[in-house]
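A quick write-up on the structure given underneath.
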Amino acid sequence: MHTGVFYMKKCFLSMLTIALCAAMLACPAALAEGVTAETGQVKAAIVTEAQSGQRIFEKNAEERLNLGGLVRLPALLYALECMDSGKLAADENIVVSPEAASVGGATAFLKAGETIKAGTAMKAAVMITAGDATFALAEACAGGQDAAVKAINELMQDAGVYIEVSSIDGKGLMLSAEELAKLGARLAKSGTYKQYSALYLDEIQHENGTRTELVNQNKLIKSLDGCFAGSTGSSSEAQYCGVFMVKRKGAVFIAAVIGAADSKTRFSCASKTIEASAAAVSIKTPVKKGDKVVENVSVSGGITKNVNLVAAEDVTLIVWNGDEPRSVINAEEAYAAPVRAGDKAGTLEYIFEISGESVGTDLVFDGDVDTAGLADYVVLCFTKWVHV
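Using the numbering used here, you'd call the opening residue of the sequence shown number 24 and step up by one each time.
The following block contains the structure:
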């Protein structure tokens, strides 16, 4: 059983929550404030750990800036998650709308009315951030532009990026490096994204027989150890931007770069900040999904009298400069039947004393406990009588 402080009074929990929030606001935002790296000429940069969201390195990470072609990432993420879930099959035919075909910037040269396999379009959307392919995929997933924009905005909220997208192509969207890293962490979970990000050189064949060569714009796939995915974008105003996913020490690091002076600086900044961040921290996983955190919690009015509380997700902690966290368990002393396996029962938090950051997971019931009926009580009484 996991050790920790077991709080049972709701009023005390409320006071603790308020105190923690105040402490987090007053303390430095970055976990590893002392981590330094040569970024070169960039407007903003950040390195985070994907699972926890902990910030390790940052430079001007909260200012919202122009992203160039990366404004398509919200729509791409929506399409990826649809394909991951099976809502859109890779071998499904989609038809390119005039609006999709007219999207500028990086393009797969899709024509209005062209029919293309969803997997083929996704390959272009991921490898070169193709705007026409991304637009066509999002339309196909939602059944239309308005529905797609609505779904994309819901996804953004769920990812913790609280800004409204007004169109599939992301026109006018500005994000901070921190927000870009949040999208990157979500992308890193997509099996479809990782599959196509691993390709370096490929092509798509169009309906009319012509071919478009695809060269992965993420050069770190080949040059940076552990880099398994990433997306890039650029424009005259945004300059060179990118978000990259790198696995080190059993954790996934996300590097976001905005406004690099040139392409070389973009990749150099991402590489150097990842290297410095990974070297400066240690990784701990105190609990994994399904681990028992609180055992034999009472359940009143149930067929069985106890249930365990388990971790809903893995907890990954980035520890720097000896800032060891303390654990806090927020849960009730007892629960009333019925309870269902997987339902939220409380939280497990790890609070860093120096940085004030808090990382944790929900606690969920590990089994069902149905409400006991009259027949159950009769059986219980008979069983006790027999054993007297």
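Yeah, the Cβ is synthetic: ideal placement off N, Cα and C, and Gly gets one too.
What separation, rounded to the nearest whole angstrom, lies between the Cα atoms of residue i and residue j?
i    : j    : result
I306 : I341 : 5 Å
G183 : L203 : 11 Å
T430 : H229 : The chain is shown from 24 up to 411; residue 430 falls before or after that span and cannot be answered.
L243 : S381 : 31 Å
E61  : G282 : 15 Å
A261 : D314 : 45 Å
T255 : A293 : 11 Å
I374 : P348 : 5 Å
Y263 : A200 : 13 Å
F290 : S350 : 37 Å
A395 : K312 : 29 Å
W343 : V304 : 5 Å
G232 : L222 : 22 Å
A364 : E137 : 47 Å
S213 : K287 : 27 Å
S190 : L224 : 30 Å
A147 : G207 : 18 Å
V119 : V362 : 48 Å
V310 : E336 : 8 Å
E115 : E85  : 40 Å
Q240 : I377 : 39 Å
K245 : I117 : 32 Å
L93  : D346 : 35 Å
G166 : A144 : 16 Å
S257 : E122 : 21 Å
M150 : S259 : 21 Å
F388 : S75  : 22 Å
R209 : G324 : 40 Å
E177 : V126 : 23 Å
P51  : L196 : In this prediction, P51 scores a pLDDT of 30, lower than 50, which makes its location untrustworthy; the coordinate-derived value is nonetheless stated afterwards. C-alpha separation (whole angstroms): 28 Å.
Leaving aside the five residues before and after residue i along the sequence, list all residues of the same chain whose C-beta is less than 8 Å from its C-beta, in chain order.
i    : result
V320 : N329, V330, N331, L332, A354, E355, E356, A357, Y358, A368
Q77  : L54, T71, L340, I341, E380, V382
A284 : G63, Q64, V65, Q262, Y263
V322 : K328, N329, V330, A357, Y358, A359, A360, V362, V392
Using a Cβ-Cβ cutoff of less than 6 Å, which residues in the same chain neighbour residue i once the five nearest sequence positions on both sides are dropped?
i    : result
C164 : A102, C105, L111
A211 : A73, M268, V275
L371 : V316, I352, G383, T384, L386
T215 : L103, M106, D107
A161 : A98, Y101, A102, A171, I191
N468 : Lying outside 24 to 411, the shown extent of the chain, residue 468 is not represented and no answer is given.
G142 : A113
G273 : I306
A156 : A131, A144, A147, A148
D169 : none
Excluding the five sequence neighbours on either side, which residues of its own chain have a C-beta within less than 7 Å of the C-beta of residue i, listed in chain order?
i    : result
M179 : P97, I186, V188
T296 : A60, T62, A68, V70, F80, A278
T327 : V392
S174 : Looking at the sequence shown, residue 174 is not Ser but Ala. So the qualifying residues of the chain are Y101, A165.
Y219 : M145, K146, V149, M150
G390 : V330, A364
Which whole-angstrom value describes the C-beta separation of residue i and residue j, a residue pair presumed to lie in contact below a C-beta threshold of 8 Å?
i    : j    : result
R95  : T152 : 6 Å
A360 : V392 : 5 Å
V266 : G253 : 6 Å
A131 : I227 : 6 Å
V65  : A299 : Not quite, the Cβ-Cβ distance comes to about 14 Å (not below 8 Å), so this is no contact.
A113 : G154 : At roughly 20 Å, the Cβ-Cβ gap does not stay under 8 Å, so A113 and G154 are not in contact.
D192 : F158 : 6 Å
G249 : K270 : 5 Å
K134 : A124 : 6 Å
L90  : L198 : 6 Å
T308 : V338 : 7 Å
Quick one: does the C-beta of residue i sit closer than 7 Å to a heavy atom of the ligand NAP?
i    : result
G265 : Because no ligand of any kind appears in the structure shown, any question about the ligand NAP cannot be addressed here.
Once DSSP output is grouped into helix, strand and coil, what is the label at residue i?
i    : result
E20  : Residue coverage of the chain in this structure runs from 24 to 411, which leaves residue 20 outside it and unanswerable.
N176 : helix
S378 : coil
K287 : helix
D169 : helix
S11  : Look at the range of the chain in this structure, 24 to 411, and you will see that residue 11 is not part of it.
T296 : helix
D393 : coil
E187 : coil
T71  : strand
E201 : helix
D385 : strand
A437 : Within the shown structure, residues of the chain are numbered from 24 to 411, placing residue 437 beyond reach of any answer.
A182 : coil
So, does the CB of residue i fall closer than 8 Å to a CB anywhere in chain B?
i   : result
Q74 : Here chain B cannot be found, since the structure has a single protein chain.
Ranges of the beta strand (DSSP E) found wholly within the stretch 203 to 247, counting only runs of at least 3: Complete beta strand (DSSP E) runs here, min 3: 224 to 228, 234 to 238.
Ranges of the beta strand (DSSP E) found wholly within the stretch 74 to 155, counting only runs of at least 3: Taken in chain order, the complete beta strand (DSSP E) segments of 3 residues or longer contained in the stretch 74 to 155 are 78 to 82, 116 to 118, 138 to 140.
Runs of beta strand (DSSP E) wholly within the stretch 317 to 379 (minimum 3 residues, chain order): Counting whole runs of 3 or more residues, the stretch 317 to 379 contains the beta strand (DSSP E) stretches 329 to 334, 338 to 342, 348 to 354, 357 to 359, 367 to 375.
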